[in-house]
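Right, one structure below, let's go through it.
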Amino acid sequence: MHQSSNGLTDSDAEDSSLRRDFDHQPTQGKKAEHTTMDYQNRVGSKFGGGGVAGASETNVDRRERLRKLALETIDLAKDPYILRNHLGSLECRLCLTLHTNEGSYLAHTQGKKHQTNLARRAAKDAKETQLMVAPAQSNVQRKVFLKIGRPGYRVTKVRDRDTGKEGMMVQVHLPQIKQGVIPRRRFMSAWEQKREPPNKAYQYLIVAAEPYETIAFRIPAREIEDESDDAGYWNWSHWDPDTKQYTFQFMFRMSY
1 MHQSSNGLTD SDAEDSSLRR DFDHQPTQGK KAEHTTMDYQ NRVGSKFGGG
51 GVAGASETNV DRRERLRKLA LETIDLAKDP YILRNHLGSL ECRLCLTLHT
101 NEGSYLAHTQ GKKHQTNLAR RAAKDAKETQ LMVAPAQSNV QRKVFLKIGR
151 PGYRVTKVRD RDTGKEGMMV QVHLPQIKQG VIPRRRFMSA WEQKREPPNK
201 AYQYLIVAAE PYETIAFRIP AREIEDESDD AGYWNWSHWD PDTKQYTFQF
251 MFRMSY
């Protein structure tokens, strides 16, 4: 085998020549392909990742998230501040803003402006409620006088033989009553007084005359007849300024 000066044998030179001829032959029926850069798999890229979002994209995404959250938590039918005008748009009566659809309004309800106005309105309503509940201060001055003790009294049970009605006659002796003062009486429920535990089976008859201490009688919790409704004149009261004696009688209304 003959060896050339470059170290190749005749057989190696022939194979090299054949490969060069094959590489230079044109490819028939096949178009040349256009090569593009692979941006997705380039160094430093993450599959599915995009560019950094701008301020506008961030705001759009935030409003969309707020809208979805509001749709899950807010019932527009119970919202006192929503108003649909004649044009079909939605108005917020609290913030005086206009919205094209429900999604826009719901996103507004989750915003800072609406939440701030809600807090202000709640504080205002709480203050007004407190003022309404607070009792008004009376301008009437309370009398202060030295009490001289309890007056003498006598209680007698009475009964109408014809109708069977029952009642009581009370006589109160007030020899040291203040000049010009007329004794007073009233009926009080068991829940009004603070001296004894409330008992729904009883009520109290109160008699007051200055400067004596106020006295109370515990009587059955039955309905009392009015003097104007008494045809038999069983209900009456009388104050005698000469004898200083206060006498009154009342009857219980009959239950059928």
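Heads up, the sequence shown is in full-length UniProt numbering, so the first residue is 1 and it goes up one at a time.
We put the CB at the ideal spot given by N, CA and C, even for glycine.
query: For Ser237: DSSP bridge partner residues; result: Phe248
query: Proximity winner among Trp236, Lys244, Lys165, Asn235, relative to Ser255 (alpha-carbon distances); result: Lys165
query: Contacting residues, own chain, Cβ-Cβ under 7 Å from Met188 (five flanking each side not counted); result: Gln203, Tyr204, Ile206
query: Extent of the continuous alpha helix (DSSP H) to which Tyr105 belongs; result: 102-109
query: DSSP three-state assignment for Lys147, whether helix, strand or coil; result: coil
query: Collapsed DSSP secondary structure at Val172 in the structure displayed; result: strand
query: Rounded distance between the beta-carbons of Arg185 and Phe248, thought under 8 Å; result: 6 Å
query: DSSP three-state assignment for His86, whether helix, strand or coil; result: coil
query: Nonlocal neighbours in the same chain, by C-beta distance under 6 Å from Thr243, ignoring five residues either side; result: none
query: Contacting residues, own chain, Cβ-Cβ under 6 Å from Phe217 (five flanking each side not counted); result: Leu205
query: Where Pro220 falls, given that 16 or more other Cβ within 10 Å makes a residue buried; result: exposed
query: Contacting residues, own chain, Cβ-Cβ under 6 Å from Tyr81 (five flanking each side not counted); result: Cys92, Arg93, Leu94
query: Delimiting residues of the beta strand (DSSP E) encompassing Gly180; result: From DSSP, Gly180 is part of no beta strand (DSSP E); its letter is neither H nor E.
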